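The block underneath contains the structure these notes are about, expressed in structure tokens.
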């Protein structure tokens, strides 16, 4: 019997066993224990309960006196939840809804029916949103379900800006809210979000002397030095209760004086929240060795290089080449509006036949070695060269044409042509304008400083243009110069910001992506 036939026979065998066990339970055949929940009896088989629950296995094998009479009282288990768990054991089904999920999950957790609890956890995680994640976190924490509690806490921190808009967060007691506000992992861009939340919490309890006294501790959780001074002054004027408390007044006054102090005398600034560290990074994808062969697994071949132009720091993320065992080559990439990274990988099958799975829009003119850029919801294709049917009779033709694609209308339109024909160049968008850098076929001076190199790895970050590695010849696999150059268009001067960058021997794709250094690898 082949593997497929064996698997089919095993599946049929398991289905038959389940059907027979369910039939025997319904007919009370060979049942040897009765579970009582809320006074309702459920006749069962000890062996089935023990197979799905270490709790019941220990109960029936250790000779507990509670089991000697043939009845087991489950005082903390609702009858409806127990019935659903027994359906899971005998029928391999678990009917979950928003009304019964917490009861079933609690019963499954307490009775150690791990498979059922995993299904409950998956259901809760799928239904998690900013309006219920706080309640789910505290419920799971109190239950002792650490995995679910940690998942809810991660979701809460990641979506904290949206959570602050919900009423549920205002219902927290001062201790719980203070613990939450003390976290470094809150995904917020500005500390003003935390301050406004505290003020809303205090306003909701206006007149409650105990809550007003607790406001001091909550204000202490706000990293006031990170709040814009002008915003802080307005907040103090609009909330006179902050002035009545001497400690609150002192904390705010100290935060307002911090910007005016010299660096030596100023107190250390508090740690940034998670969202404040998210920034635009240059991400270089690809990698081939000196012979032009895609980089193999091992070492940095498994990682993609990231560079933070502002802090001049190097990071790494897992390379998408891992999915094809390091044997493919990244030929194109893009960053979506939702900050998702999409790449096209050219791979080879066992017969060394190359294959690239990528959707292509129809375009009337064939073009290759061109560059693409997105601007104002439109896709632009610039330059390149046009392959000829008889290259010996007619040389390859360089192109200075520019095409624009409108995804909404599914239509290509030709735009005004570039002044010069070129290919293997780089493009970037900065301040609403397209910049074309380097390449082959550039005759004459350009508007920007002349970059006498092939520069397909270009990105714009924080108002500057960056070039990640470059090579001189026409071949794509020449060894690159592993430097990162920067230029401010206003200055029209290229400067080297990073030498001996952790690049591979060639990169064809450079993206600008918004990432958080905490989520990346460091050298």
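Residue numbers (full-length UniProt numbering): 1 to 523. Beta carbons: idealized from backbone N, C-alpha and C, even for Gly. Owing to the predicted nature of the structure, the values given are computational and were not obtained by experimental measurement.
Residue i, DSSP secondary structure in three states
i, result
"residue 491", "coil"
"residue 241", "helix"
"residue 37", "strand"
"residue 181", "helix"
"residue 148", "helix"
"residue 377", "coil"
"residue 114", "helix"
"residue 486", "strand"
"residue 425", "coil"
"residue 71", "strand"
"residue 523", "coil"
"residue 167", "coil"
"residue 499", "strand"
"residue 135", "helix"
"residue 303", "strand"
"residue 99", "coil"
"residue 128", "coil"
"residue 14", "helix"
"residue 416", "coil"
"residue 222", "coil"
"residue 332", "strand"
"residue 271", "coil"
"residue 62", "coil"
"residue 338", "coil"
"residue 512", "strand"
"residue 77", "coil"
"residue 252", "helix"
"residue 409", "coil"
Inter-residue spacing [alpha-carbon to alpha-carbon] between residue i and residue j
i, j, result
"residue 410", "residue 380", "13 angstroms"
"residue 93", "residue 464", "58 angstroms"
"residue 89", "residue 48", "7 angstroms"
"residue 58", "residue 280", "55 angstroms"
"residue 512", "residue 244", "48 angstroms"
"residue 240", "residue 248", "11 angstroms"
"residue 30", "residue 39", "22 angstroms"
"residue 419", "residue 186", "49 angstroms"
"residue 76", "residue 26", "25 angstroms"
"residue 415", "residue 178", "57 angstroms"
"residue 238", "residue 227", "16 angstroms"
Environment of residue i [buried if 16+ CB atoms lie within 10 Å]
i, result
"residue 191", "buried"
"residue 309", "buried"
"residue 252", "buried"
"residue 189", "exposed"
"residue 288", "For residue 288, the pLDDT reaches just 48, beneath the cut-off of 50, and the residue's location in the model is therefore unreliable, leaving the point undetermined."
"residue 12", "exposed"
"residue 521", "exposed"
"residue 230", "exposed"
"residue 204", "exposed"
"residue 291", "At residue 291 the pLDDT is 44, less than 50, meaning the model places this residue with poor confidence; the figure from the coordinates comes in the next sentence. Under this definition residue 291 is an exposed residue."
"residue 340", "exposed"
"residue 329", "buried"
"residue 127", "exposed"
"residue 121", "buried"
"residue 223", "buried"
"residue 246", "exposed"
"residue 7", "exposed"
For residue j and residue i, believed in contact at Cβ under 8 angstroms, the rounded distance
i, j, result
"residue 194", "residue 215", "Actually they do not touch by this definition, with Cβ atoms about 13 angstroms apart."
"residue 119", "residue 72", "Residue 119 to residue 72, Cβ: 24 angstroms. No contact."
"residue 130", "residue 163", "5 angstroms"
"residue 111", "residue 37", "That pair is no contact at about 11 angstroms."
"residue 219", "residue 172", "Rounded, the Cβ-Cβ distance is 16 angstroms, inconsistent with contact."
"residue 510", "residue 457", "4 angstroms"
"residue 221", "residue 181", "4 angstroms"
Sequence-distant residues of its chain with Cβ nearer than 8 angstroms to residue i (five each side left out)
i, result
"residue 95", "84 and 87"
"residue 501", "305, 307, 314, 468, 469, 482, 483 and 484"
"residue 22", "90 and 91"
"residue 33", "43, 44, 45, 46, 49, 60, 67, 70, 71 and 72"
"residue 10", "none"
Contacts around residue i, its chain only, beta-carbon distance under 6 angstroms, and the 5 residues preceding and following it disregarded
i, result
"residue 56", "49 and 50"
"residue 516", "277 and 278"
"residue 153", "137"
"residue 497", "484 and 486"
"residue 41", "34"
Spatial neighbours of residue i in its chain, beta-carbon cut-off 7 angstroms, leaving aside the 5 residues before and after
i, result
"residue 421", "383, 398, 399, 400 and 441"
"residue 170", "200, 201 and 204"
"residue 225", "255, 258, 269 and 270"
"residue 155", "128 and 133"
"residue 143", "106 and 109"
"residue 28", "43"
"residue 19", "none"
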